[in-house]
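Chemist: Handing you a structure now.
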Amino acid sequence: LEEGEIRKYEYLDHTADVQFHSWGDTLEEAFEQMVVCMFSYITDLHTVETTGSNTVEVSGHDMESLLYNYMDEFLFQFCTEGFVARRVEIVSFDREAFTISARGYGEKFQVRAACISDQYSLHTECMQLAVGARSMLAAC
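Residue numbers for the sequence shown follow our numbering, so the first one is 1 and each next one is one higher.
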C-alpha cells in the first residue's frame, strides 16, 4: 500500500459469483472503496502505479442505480482503455440529484500486473446500501 492508503473492503461468497463489500466513515468513502475493491479482484493492485488518472461522471435515478452506474463506468474504462484505478477520490457527490464525479488514480493495465479474473459484469439484484454510523455497500 502507498502511504495513506487504507483498504476498507472484502469479498463475500455468492453463488457462482463474488460479492464486493466496502465500507467507510462516509458514504463517499464507501463508494471510493467499492471501485478499489472491484479492481483488486481483477488484478493485484500492489503492482499498479498511480501515474495517471481518469475522471468518471455518472448519474442514477436512485442510490442503487447510482452505485451500479458508477462501478460500470470504471469497468467500461478498464475494458475500453485498460485503465486500472488503484485509488479513487470522489470529487462531488449529490445525494439528492444522484450524481457523482470521481477521479481514479492508477495506470493502463500492464502485463506485469497479473489479471486475477477475466469475467467482468455487474448485477443489480444484490446491490445494497446501508447508511448509518458507518456506510456500507455491497455489489456483485
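Cβ coordinates follow ideal geometry from the N, Cα and C atoms, glycine included. On a predicted model such as this, the values are computed, not experimentally measured, just so you know.
Using 8 Å for Cβ pairs, my map puts F20 next to I100. What's the rounded Cβ distance?
Modeler: Stepping through the sequence shown from its first residue, residue 20 is reached at position 20. Stepping through the sequence shown from its first residue, residue 100 is reached at position 100. Wrong, their Cβ atoms sit about 17 Å apart, outside the cutoff.
Chemist: Answer yes or no: do F98 and G52 have a C-beta to C-beta separation smaller than 8 Å?
Modeler: Working through the sequence shown from its first residue, we reach residue 98 at position 98. Working through the sequence shown from its first residue, we reach residue 52 at position 52. No, the Cβ-Cβ distance between F98 and G52 is not below 8 Å.
Chemist: Quick check on the burial criterion: 16 or more other C-beta atoms within 10 angstroms. Buried or exposed for S92?
Modeler: Here residue 92 corresponds to residue number 92 of the sequence shown, with the count starting at 1. S92 comes out exposed.
Chemist: What's the call for T43, buried or exposed, on a 16-neighbour Cβ count within 10 Å?
Modeler: For the purposes of this step, residue 43 is identified with residue 43 of the sequence shown, where counting begins at 1. Counting Cβ neighbours within 10 Å, T43 comes out buried, since at least 16 surround it.
Chemist: From I6 to V48, what distance separates their C-alpha atoms?
Modeler: Mapped onto the sequence shown, residue 6 falls at position 6. Mapped onto the sequence shown, residue 48 falls at position 48. The alpha-carbon atoms of I6 and V48 are separated by roughly 15 Å.
Chemist: When you compare only the Cα positions, how much space is there between A102 and Y41?
Modeler: Taking the sequence shown and counting its residues from 1, the one referred to as residue 102 is at position 102. Taking the sequence shown and counting its residues from 1, the one referred to as residue 41 is at position 41. Distance between the alpha carbons of A102 and Y41: 20 Å.
Chemist: Return yes when the Cβ of Y105 is within less than 8 Å of the Cβ of T50, no when it is not.
Modeler: Along the sequence shown, read from residue 1 onward, the residue named residue 50 stands at position 50. Along the sequence shown, read from residue 1 onward, the residue named residue 105 stands at position 105. Contact: yes.
Chemist: Comparing alpha-carbon positions, which option in F74, K8, L12 lies nearest A85?
Modeler: On the sequence shown, position 85 is the one that residue 85 refers to. That would be F74, whose Cα lies nearest to the Cα of A85.
Chemist: Within its chain, find whatever has a CB closer than 7 Å to the CB of E10; leave out the 5 residues flanking it on each side and keep chain order.
Modeler: Here the question's residue 10 lines up with position 10 in the sequence shown. Around E10: H21.
Chemist: Tell me, please, which residues DSSP counts as bridged to R103.
Modeler: Sequence index remark: in the sequence shown, residue 103 carries index 103 (1-based). DSSP output for R103 lists T55, E89 as bridge partner(s).
Chemist: Taking DSSP as the reference, what is the three-state secondary structure of F39?
Modeler: The sequence position of residue 39 within the sequence shown is 39, counting from 1. Helix.
Chemist: Taking just the CA atoms, how far does Q110 sit from E64?
Modeler: Here residue 64 corresponds to residue number 64 of the sequence shown, with the count starting at 1. Here residue 110 corresponds to residue number 110 of the sequence shown, with the count starting at 1. If I take the Cα positions, the gap works out to 32 Å.
Chemist: Could you work out which residue in D94, E107, G24, L66 is closest to E81 when comparing CA atoms only?
Modeler: Counted from its first residue, the sequence shown places residue 81 at position 81. Among D94, E107, G24, L66, the Cα nearest to that of E81 is on E107.
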